[in-house]
Amino acid sequence: MRLLVTGGAGYIGSHVTRLLVEQGHEVAVFDSLTAGHRAAVDVRAQLIVGDLLDKEAVQRAFAGAPYDGILHFASHIMVGESMERPFKYLHDNVLATMNLLEVATAHKVERFILSSTANLFDAPQRIPINEDEPLIPGSVYGETKFWGERMLHWMERLYGLRYACLRYFNACGAHPDGTIGEDHHPETHLIPLVLQVALGQRDHITIYGDDYDTPDGTCIRDYVHVMDLASAHLLALQALEDGRSRVYNLGSGSGYSVRQVIEAARKVTGHPIPAVVGPRRAGDLPVLVADSQRIQRELGWEAEFDDLEKIIASAWRWHKTHPNGYADRV
Ligand code: UDP
Numbered sequence: 000m001r002l003l004v005t006g007g008a009g010y011i012g013s014h015v016t017r018l019l020v021e022q023g024h025e026v027a028v029f030d031s032l033t034a035g036h037r038a039a040v041d042v043r044a045q046l047i048v049g050d051l052l053d054k055e056a057v058q059r060a061f062a063g064a065p066y067d068g069i070l071h072f073a074s075h076i077m078v079g080e081s082m083e084r085p086f087k088y089l090h091d092n093v094l095a096t097m098n099l100l101e102v103a104t105a106h107k108v109e110r111f112i113l114s115s116t117a118n119l120f121d122a123p124q125r126i127p128i129n130e131d132e133p134l135i136p137g138s139v140y141g142e143t144k145f146w147g148e149r150m151l152h153w154m155e156r157l158y159g160l161r162y163a164c165l166r167y168f169n170a171c172g173a174h175p176d177g178t179i180g181e182d183h184h185p186e187t188h189l190i191p192l193v194l195q196v197a198l199g200q201r202d203h204i205t206i207y208g209d210d211y212d213t214p215d216g217t218c219i220r221d222y223v224h225v226m227d228l229a230s231a232h233l234l235a236l237q238a239l240e241d242g243r244s245r246v247y248n249l250g251s252g253s254g255y256s257v258r259q260v261i262e263a264a265r266k267v268t269g270h271p272i273p274a275v276v277g278p279r280r281a282g283d284l285p286v287l288v289a290d291s292q293r294i295q296r297e298l299g300w301e302a303e304f305d306d307l308e309k310i311i312a313s314a315w316r317w318h319k320t321h322p323n324g325y326a327d328r329v
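Just so it is clear: in the sequence shown, position 57 is 56 by numbering that gives the first Met the number 0, and no numbers are missing.
Following this line, the structure appears as structure tokens:
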């Protein structure tokens with residue numbers, strides 16, 4: 000297929016792009032490079048530098064041969080920032096998706112995959128969380144993904160666009176060959192921050208609260224490997240052939256506490272990784288674990304990286320060889 004990947008220079012988008020070109024798809028990456036990295040884009044993909052907020056730039060990206068499908072990763076992604084700068088998120092994330100959908104439907108694109116989020120489950124009634132759980136965004140960021148899902152609902156009804164919304168839990172890890180990985184500025188995610196301590200870039204990791212109602216008092220999350228997320232995108236793309244749109248929750252199915260992550264990182268890196276308990280972070284839920292049985296049952300997806308040490312070892316390979324991220328590859 001000929002595919003457009005927005006945000007293909009970002010963390011998850013770059014891993015999916017790599018897999019798509021390896022499977023023989025023709026990929027055009029559309030990325031503003033404000034958060035993404037040129038060096039993250041596979042050389043076999045075309046890179047179009049542009050901003051989804053610029054509708055003419057989006058239209059120009061559609062000027063060539065038609066796209067068989069779109070994978071939409073481009074987004075602001077920080078939950079905390081979205082609560083401090085709500086209009087940045089509401090404006091940019093929603094308008095970007097709207098511009099993309101407006102141009103895509105005008106060009107009769109038939110397949111669309113949206114990067115969605117576990118931040119849609121702010122008040123889960125059941126853990127692990129399946130797709131029947133009521134959608135209650137936990138932040139302005141989550142709200143913008145919710146709107147993305149809602150826009151797709153109408154695009155299907157009005158234009159026959161088939162879509163898959165993939166709700167990632169805690170994306171982590173790096174490509175096994177260590178050439179692409181996670182590089183956010185600023186970094187806010189637990190695993191890269193823990194590994195920055197092992198690299199000597201930070202003195203310690205702060206645990207955001209150890210008085211939660213969990214076995215060791217720290218929050219439990221479902222860490223799903225970026226390569227497993229990538230394979231889910233390929234399966235979802237193929238599955239759209241049957242004409243049915245779908246939503247899937249994507250996690251590894253296991254929950255690990257913050258303390259377990261730090262302990263696993265100590266084993267993998269051999270570094271003592273000092274940890275200091277700090278106050279809770281606003282908005283954190285005690286437990287977020289996905290029930291991914293639907294995608295397993297319907298598409299045969301399996302999380303290959305189901306072991307925390309294996310996951311952290313793959314992230315470590317990337318961070319150890321690229322302590323300054325993509326700046327080390329220029
Ligand atoms: N966390 C922490 N210290 C940090 C960063 C994160 O204790 O420096 C915790 C955070 O409270 C959450 C878990 O680690 O319980 C995962 O956080 P992350 O920001 O990686 O992902 P989120 O679950 O917020 O999407």
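Just so you know, even glycine gets a beta-carbon here, dropped at the ideal spot from N, CA and C. In this text the structure is predicted, and so the values were computed from the model without any measurement.
Verify whether the separation of the beta carbon atoms of V57 and V28 is less than 8 Å.
For the purposes of this step, residue 57 is taken as the residue at position 58 of the sequence shown. For the purposes of this step, residue 28 is taken as the residue at position 29 of the sequence shown. Not closer than 8 Å, so no.
Please name the residue in T205, N169, T217 and H270 whose C-alpha comes closest to that of L249.
In the sequence shown, the residue the question calls residue 249 occupies position 250. Selected option, being the one with the closest Cα: N169.
Starting from the C-beta of H270, find all residues in its chain whose C-beta is less than 6 Å away, skip the five residues before and the five after it, and write them out in chain order.
Along the sequence shown, one-based indexing puts residue 270 at 271. Excluding sequence positions up to five before and after H270, its CB lies within less than 6 Å of the CB of A197, all in the same chain and listed in chain order.
Less than 8 Å between the beta carbons of I11 and C171, yes or no?
Residue mapping note: residue 11 aligns to position 12 of the sequence shown, counting from 1. Residue mapping note: residue 171 aligns to position 172 of the sequence shown, counting from 1. With contacts defined as CB atoms closer than 8 Å, I11 and C171 fail to qualify as a contacting pair.
E55, buried or exposed, once every other Cβ within 10 Å from all chains shown has been counted against 16
Walking along the sequence shown from the start, residue 55 turns up at place 56. That one is exposed.
I'd like the span of the alpha helix (DSSP H) that includes S13, first residue to last.
Within the sequence shown, the letter at position 14 stands for residue 13. Y10 to E21 is the extent of the alpha helix (DSSP H) around S13.
L189 versus W146: straight-line alpha-carbon distance, rounded:
As a working mapping, residue 189 is identified with position 190 in the sequence shown. As a working mapping, residue 146 is identified with position 147 in the sequence shown. The alpha-carbon atoms of L189 and W146 are separated by roughly 27 Å.
Return yes when the C-beta of L192 is under 7 Å from any heavy atom of the ligand UDP, and no when it is not.
Along the sequence shown, one-based indexing puts residue 192 at 193. The ligand UDP has a heavy atom closer than 7 Å to the beta-carbon of L192.
Contacting residues, own chain, Cβ-Cβ under 8 Å from T371 (five flanking each side not counted):
Outside the shown range of the chain, which is 0 to 329, sits residue 371, and nothing can be said about it.
Distance check for S291 and G68, CA to CA, integer angstroms please.
Numbered from 1 along the sequence shown, position 69 holds the residue referred to as residue 68. Numbered from 1 along the sequence shown, position 292 holds the residue referred to as residue 291. Distance between the alpha carbons of G68 and S291 is about 24 Å.
Classify F86: buried if its beta carbon has 16 or more other beta carbons within 10 angstroms, exposed otherwise.
In the sequence shown, the residue the question calls residue 86 occupies position 87. The C-beta of F86 has fewer than 16 other C-beta atoms within 10 Å across all chains shown, which makes the residue exposed.
Nearest-angstrom beta carbon gap, L70 and H232 [assumed within contact, 8 Å]
By one-based count along the sequence shown, residue 232 stands at place 233. By one-based count along the sequence shown, residue 70 stands at place 71. Correct: roughly 6 Å between the Cβ atoms.
E25 - DSSP class collapsed to helix/strand/coil:
Residue mapping note: residue 25 aligns to position 26 of the sequence shown, counting from 1. Strand at E25.
Compare the beta carbon distance of L307 and Y255 with 8 Å and say whether it is the shorter of the two.
The count along the sequence shown starts at 1 and reaches residue 307 at position 308. The count along the sequence shown starts at 1 and reaches residue 255 at position 256. A contact, by the Cβ cut-off of 8 Å.
Compute every distance between the C-beta of T96 and the non-hydrogen atoms of the ligand UDP, then say whether any falls below 7 Å.
Working through the sequence shown from its first residue, we reach residue 96 at position 97. Remark: the C-beta of T96 is outside contact range of the ligand UDP, defined as less than 7 Å to any heavy atom.
Would the beta-carbon of G7 fall within 8 Å of that of A44?
In the sequence shown, the residue the question calls residue 7 occupies position 8. In the sequence shown, the residue the question calls residue 44 occupies position 45. Taking 8 Å as the Cβ cut-off, G7 and A44 qualify as a contacting pair.
Does the ligand UDP have even one heavy atom less than 7 Å from the beta-carbon of L165?
Within the sequence shown, residue 165 is the residue found at index 166, counting from 1. L165: no, Cβ never under 7 Å from the ligand UDP.
Under the three-state reduction of DSSP, which class applies to N98: helix, strand or coil?
The residue given as residue 98 occupies position 99 in the sequence shown. Look at N98 here: in three-state DSSP terms it is helix.
Proximity winner among L298, A289, V225 and L157, relative to S364 (alpha-carbon distances):
The structure shown does not extend to residue 364, since the chain is modelled only from 0 through 329, so no value can be given for it.
Once the 5 residues before and after E155 are set aside, which same chain residues still bring their CB inside 8 Å of it?
In the sequence shown, the residue the question calls residue 155 occupies position 156. Closer than 8 Å at the Cβ level, and outside the excluded window around E155, lie R161, Y162 and S244.
Closest by CA to S115, which one among E148, N98, A173 and F304?
Translated into positions along the sequence shown, residue 115 becomes position 116. Cα-wise, what sits closest to S115 is E148.
Measuring only from the beta carbon, is I310 closer than 7 Å to any heavy atom that is part of the ligand UDP?
Residue 310 sits at position 311 when you count from the first residue of the sequence shown. Look at I310: its beta carbon is at least 7 Å from all of the heavy atoms in the ligand UDP.
Any heavy atom of the ligand UDP inside 7 Å of the beta-carbon of Y140?
Translated into positions along the sequence shown, residue 140 becomes position 141. Not so, every heavy atom of the ligand UDP lies at least 7 Å from the Cβ.
Cβ-Cβ distance between I219 and V275 below 8 Å
Numbered from 1 along the sequence shown, position 220 holds the residue referred to as residue 219. Numbered from 1 along the sequence shown, position 276 holds the residue referred to as residue 275. Contact flag unset, no.
C-alpha gap between A20 and P322, whole angstroms
Here the question's residue 20 lines up with position 21 in the sequence shown. Here the question's residue 322 lines up with position 323 in the sequence shown. Ala is not the amino acid found at residue 20; the sequence shown has Val there. Whole-angstrom Cα-Cα distance: 27 Å.
Per the DSSP calculation, Y167 is bridged to which residue(s)?
Counting from one through the sequence shown, the residue named residue 167 turns up at place 168. Answer is T116 and L249, bridged to Y167.
M334 versus L234: straight-line alpha-carbon distance, rounded
Past the boundaries of the shown model lies residue 334; the chain is included only from 0 to 329, so the question cannot be answered.
For Q195, the nearest candidate out of A62, A264 and A281 (CA to CA):
Translated into the one-based positions of the sequence shown, residue 195 becomes position 196. Cα-wise, what sits closest to Q195 is A264.
Is D283 helix, strand or coil when you go by DSSP?
Working through the sequence shown from its first residue, we reach residue 283 at position 284. It is coil, neither helix nor strand.
For V70, the residue or residues it bridges with in DSSP:
Taking the sequence shown and counting its residues from 1, the one referred to as residue 70 is at position 71. The amino acid occupying residue 70 in the given sequence is Leu; Val does not appear at that position. BP columns for L70 point to V4 and I112.
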